[in-house]
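Trainee: Using the working numbering, the letters of the sequence shown map in sequence onto residues 24 to 317.
First the structure, then my questions, so here it is.
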Amino acid sequence: MPDTALETLIEASPALDEASSTLLENGTLTVVDPARALVLAALARAGDSWLVVVPTLRDAERLGAELRAFTGAVAMFPPWETLPHERLSPRPETVARRLEALNRARSGEARIVIAPVLAAMQHMVPGAEEIEPVVVKQGQSYDPEVLVRDLVALDYHRTELVERRGEVAVRGGLIDVFPPTSDHPIRIEFFGDEVESMRAFAVASQRSLDRVERMEAYPCRELLPTDEVRGRAIAAIEKHPGERIELNRLADGMTFEGVEALIDSLWDEPPVLRDALPAGTRTRKPRWARCARA
Numbered sequence: 024m025p026d027t028a029l030e031t032l033i034e035a036s037p038a039l040d041e042a043s044s045t046l047l048e049n050g051t052l053t054v055v056d057p058a059r060a061l062v063l064a065a066l067a068r069a070g071d072s073w074l075v076v077v078p079t080l081r082d083a084e085r086l087g088a089e090l091r092a093f094t095g096a097v098a099m100f101p102p103w104e105t106l107p108h109e110r111l112s113p114r115p116e117t118v119a120r121r122l123e124a125l126n127r128a129r130s131g132e133a134r135i136v137i138a139p140v141l142a143a144m145q146h147m148v149p150g151a152e153e154i155e156p157v158v159v160k161q162g163q164s165y166d167p168e169v170l171v172r173d174l175v176a177l178d179y180h181r182t183e184l185v186e187r188r189g190e191v192a193v194r195g196g197l198i199d200v201f202p203p204t205s206d207h208p209i210r211i212e213f214f215g216d217e218v219e220s221m222r223a224f225a226v227a228s229q230r231s232l233d234r235v236e237r238m239e240a241y242p243c244r245e246l247l248p249t250d251e252v253r254g255r256a257i258a259a260i261e262k263h264p265g266e267r268i269e270l271n272r273l274a275d276g277m278t279f280e281g282v283e284a285l286i287d288s289l290w291d292e293p294p295v296l297r298d299a300l301p302a303g304t305r306t307r308k309p310r311w312a313r314c315a316r317a
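Here it is as structure tokens:
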């Protein structure tokens with residue numbers, strides 16, 4: 024296991040403990056690139072939480088792979104694939120990965136969050152770190168109608184046949200859900216209000232695959248039309264007349280392509296990633312000259 028390997032390395036190398044002490048005393052620690060994953064994992068093991076900002080998504084993925092050799096307490100926070108002025112929404116899987124990373128960081132499960140510069144700088148919806156997924160477990164009681172309503176509230180789209188991430192379909196006592204963070208959709212079979220079985224299934228053939236004991240369905244959008252958001256949309260119409268149509272749609276409880284562009288109109292000072300992480304989280308900054316070229 025990665026954490027066991029890390030324990031062995033730390034026991035064999037007192038220098039890693041010395042690195043942690045140096046950082047606490049001086050506030051700065053210089054580490055060569057080949058050792059950064061090991062040192063970060065050791066620092067996180069010592070109790071610190073870290074936000075590691077890197078130039079690009081490729082850098083984030085590479086560092087994440089290196090870190091997972093030493094610890095599983097790592098989460099990736101990807102950027103949106105779009106820019107706000109493009110009036111396009113990020114993919115559901117991107118949104119879900121971001122919210123999952125925040126959730127794991129808040130719970131302490133992930134002590135290292137890796138983010139490209141763009142993701143670290145993007146404005147977010149206040150309170151995004153508090154958004155919980157819909158969780159379904161084998162054998163639990165969950166009213167099927169309530170489950171569908173809960174998923175639709177997270178911007179899952181009802182369809183006749185689930186084919187894409189972020190879709191949900193109801194067929195008798197079966198509910199098919201495709202969580203954005205899952206490789207395959209999940210078929211939930213109910214007996215009354217009890218979850219009798221859950222299985223992954225293939226989209227193309229609809230054939231059942233492996234059994235599933237637990238499903239976590241994260242939202243498909245970060246900006247959801249909650250009561251607070253709808254109230255803010257109404258209040259923002261006079262201040263932002265050029266966005267009157269979009270704000271009215273949001274105030275009516277609708278979501279639409281590019282709704283995330285309204286974040287800056289709804290809040291005067293939207294938070295960024297660092298604001299959403301646990302208090303005391305340390306930051307490892309990138310080489311800014313390289314970021315300018317990225």
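Note that CB positions come from ideal geometry on N, CA and C, so glycine has one too.
Note that the structure is a prediction, hence the values are computed from the model and not measured.
If you count every other CB in all the chains shown that lies within 10 Å of the CB of Thr117, and 16 or more means buried, which is it?
Mentor: Thr117 is buried by the Cβ-count criterion.
Trainee: Hey, how far is the Cα of Trp290 from the Cα of Thr249?
Mentor: Looking at the two C-alpha atoms, the distance is approximately 14 angstroms.
Trainee: For Ala225, does the three-state DSSP call read helix, strand or coil?
Mentor: Correct three-state label for Ala225: coil.
Trainee: Can you list, in chain order, the residues of its chain whose CB lies under 6 angstroms from that of Arg59, leaving out five sequence neighbours each side?
Mentor: Within the same chain, Arg59 has no close Cβ partners at all.
Trainee: At the level of alpha carbons, what is the spacing between Leu300 and Ile286?
Mentor: Those two C-alpha atoms are separated by around 19 angstroms.
Trainee: Three-state secondary structure (DSSP) at Met277?
Mentor: If DSSP states are grouped into helix, strand and coil, Met277 belongs with coil.
Trainee: Between Met221, Glu152, Ala192, which has its C-alpha nearest Gly162's C-alpha?
Mentor: Taking only the C-alpha atoms, the option nearest Gly162 is Met221.
Trainee: Does the separation of the CB atoms of Val136 and Phe100 fall below 8 angstroms?
Mentor: Cβ distance < 8 angstroms, so Val136 and Phe100 count as in contact.
Trainee: From the DSSP output, in three-state form, read off Met144 for me.
Mentor: In this structure, Met144 counts as helix in the three-state DSSP scheme.
Trainee: Excluding the 5 residues flanking Leu122 on each side, which residues of the same chain have their C-beta closer than 8 angstroms to its C-beta?
Mentor: Closer than 8 angstroms at Cβ, skipping near neighbours: Ala151, Ile154, Pro156, Tyr241, Pro242, Glu245.
Trainee: Taking Asp233 as part of the beta strand (DSSP E), name the residues at either end of that continuous run.
Mentor: Here the beta strand (DSSP E) through Asp233 covers 231 to 234.
Trainee: DSSP has Leu63 in a bridge; who is on the other side?
Mentor: DSSP lists no partner for Leu63.
Trainee: Does the pairing of the region 101 to 111 with the region 60 to 71 give three or more beta-carbon distances under 8 angstroms?
Mentor: As far as the Cβ criterion goes, the region 101 to 111 does not touch the region 60 to 71, which means the pair count is below three.
Trainee: Where Ala133 and Ala88 are concerned, what is the direct C-alpha to C-alpha distance, given to the nearest angstrom?
Mentor: Taking the straight line from one Cα to the other gives about 14 angstroms.
Trainee: Would Phe279 be called buried (16 or more neighbouring beta carbons within 10 Å of its own) or exposed?
Mentor: Phe279 comes out exposed.
Trainee: Quick one: grab the DSSP three-state call for Pro203.
Mentor: Reduced to three states, the DSSP call for Pro203 is coil.
Trainee: Relative to the C-alpha of Leu247, which candidate in Val200, Gly281, Phe201, Ser164 has its C-alpha closest?
Mentor: It is Gly281.
Trainee: Run through the DSSP bridge pairs and tell me what Lys308 is partnered with.
Mentor: Its beta-bridge partners do not exist; DSSP assigns none.
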